[in-house]
Amino acid sequence: MSAGSLTVNPFQGREKAYVIELKGKVDSAFKETIMRRIRKAIADGANTIVFHFKDCGGGDTIVARAMADEIRGLKDNEGKFPIQTIAFVPNGAPDTATFLAFGCSDIVMAKVEGEYATIGDFSRVVNPQFEGRRRASAVTPLDPESTRKSLRDLAELNRIPPVLVDGMFLPDLEIFRARTIRGGTVERRIMTAQELEADRNSKDPQWQAEEQIKHKGKLLTLNYDAARKYGIVRHVVDRPDDLDQVYSKYGLTGKVKKARSDALDAFAEFLRHPIVSVLLVMIGLFCIVLEIKIPGATAPGVIAALCFVLFFWAYWFNSEIIILAILLFLLGLVLIGIEVFVLPGFGFVGVSGIMLMVVGLGLATIEKMPQSGAEWLDFGKTLTQFGIGLVVAGIGALIMARYLPNIPIANRMMLAPPTDKPEGEAALPGMQQAAALLGAVGTAATMLRPAGMAKFGEQFVDVVTEGGFVPAGARVQVVEVEGNRIVVKEV
């Protein structure tokens, strides 16, 4: 018998109910979103909350247990009475979703037949390589024993037979429903084969096997009929798509409000989509490279900052190591800045900076450090995606940096380079004079960033480098002349 069937409803027909959909994998971001909806519903006076399970499962079992404990401890907005929580499971509640259902005061299932219309499917925890389920969301941590003990404790708190939980994790365990007669009353108990054998060998045997619930060699999952028979589910409704049947079971005659996600939740979820995350990173990296190659173009720097702020904000509640991810990313930027502006060439410091940036971006997308081989493989795939994005963004930015100054509208985003030309001296005029400088060697009169002033003989000329920076006083050579545009390189 479930805990909800033994409690008295203190609201006595004065229910104010909300329904909250549970969809997707259970992780820190999921928990933050759902708990925020719960708090809003309670602040509005809700004393009954129906959790509608819609393809919920996968994720982190530790987060699921913590969330189940919070659901069990919910009280009304005055802190006097517990909130009545109802889990409606129309099409199944595997792994982490089972934790959430066990945290509710009542569970309702629908009369749906099928392999997945069950509660208590932990096949992906016991056997991570199992591919027979329709849900691809991985479950972490992959520690069947600690997960079993955690769910077992939760089941005992809600008066659910803990031996049924054992059957969800231990394939060799055999479980029976046994009966005995005490004082003319039939009493039933769920027992293991070992317990029945011990009773049979005792001096005064009391129990007799009535039916076998679980056979050896299989993991236990319970459909609606078995879950109700063995005390996990309180009610069963006929149709999985009819919430009104659930409401009628609890006398929720008034209008049940739906707790919807707010705009920020929806926006953060959109940004966490893998494709959107990779695009944000690519655009941000593209703009960083563009800002370095064309220092006067302030717009790319603003766009890059916006992209990375949105990226890290979207994953803020989804990771325990988000601070580490941000610090690694910032350290990578600092190292790249040192390589570009301080050290000559591009070597170990710059490469280290790029690697730290990619690792920081990858860490932001996970909840905790990978532990199993599968988790490390997924992490490696994420790093590969961001690495490819970095290469593509870098190539695109280099191409753009070469042609942006010549684009009439785009070059207006660039600040004009400072001119340190001595008084009385003028830049070399005319295309013919400019063409005569091809191959000439001179001195950079100002810092070329990449535009600036160079001196050839006694004349000062406006020049631009091929993209890199050249310090003042360095020897430069004219390598290309296009009209009045003179391109130089350091020699």
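Residues in the sequence shown are numbered from 1 upward in steps of one, following my numbering. The C-beta atom is built at its ideal place from N, Cα and C for all residues, glycine as well.
So the alpha helix (DSSP H) residue i belongs to, where does it begin and stop?
i	result
G353	F348 to A364
V497	Residue 497 falls outside the range modelled here, since the chain spans only 1 to 491, and no answer is possible.
E197	A193 to R200
E174	That residue, E174, is in no alpha helix (DSSP H); it is neither H nor E in DSSP.
K149	P144 to L157
A227	Y224 to K229
R124	S123 to V126
V492	With the chain covering 1 to 491 only, the question about residue 492 has no answer from this structure.
Report buried or exposed for residue i, applying the criterion of at least 16 other Cβ atoms within 10 angstroms of its Cβ.
i	result
F286	buried
V478	buried
P471	exposed
W235	Residue identity differs from the one stated: residue 235 is His in this sequence, not Trp. Buried.
P90	buried
E197	exposed
F386	buried
P274	exposed
Q212	exposed
D44	exposed
P450	buried
F329	buried
Could you spell out the range, first to last residue, of the beta strand (DSSP E) harbouring residue i?
i	result
K214	Q208 to K214
D462	Q459 to T465
K455	A451 to F456
V237	H235 to V237
I119	Looking at the DSSP string, I119 is not in any beta strand (DSSP E), and its letter there is neither H nor E.
A474	Neither: A474 is in no beta strand (DSSP E) and is coded neither H nor E.
Could you tell me which residues DSSP pairs with residue i in its beta bridges?
i	result
E187	T180
Y18	I49 and K257
V139	G59
E480	V487
T443	K455 and R475
A110	V237
L333	Per DSSP, none; premise fails for L333.
L448	V470
Am I right that residue i and residue j are in contact with their C-beta atoms under 8 Å? What's the rounded C-beta distance?
i	j	result
K455	A440	Rounded, the Cβ-Cβ distance is 11 Å, inconsistent with contact.
G59	K25	4 Å
I303	I283	7 Å
E210	R188	7 Å
F51	C104	6 Å
L390	I354	7 Å
Q208	R182	13 Å between Cβ atoms; not a contact.
T98	V139	11 Å between Cβ atoms; not a contact.
V349	I338	6 Å
S150	R65	5 Å
Counting contacts by CB-CB distance shorter than 8 Å, is residue i in contact with chain B?
i	result
G92	The structure shown contains no chain B, having only a single protein chain.
Secondary structure, alpha helix (DSSP H): runs of 4+ residues fully inside the segment 23 to 106: For the segment 23 to 106, whole alpha helix (DSSP H) runs of length 4 or above, ordered along the chain, are 28 to 43, 61 to 72 and 95 to 102.
Run through the segment 265 to 297 for me and flag every whole alpha helix (DSSP H) of 4 or more residues, listed as ranges in chain order. 274 to 293
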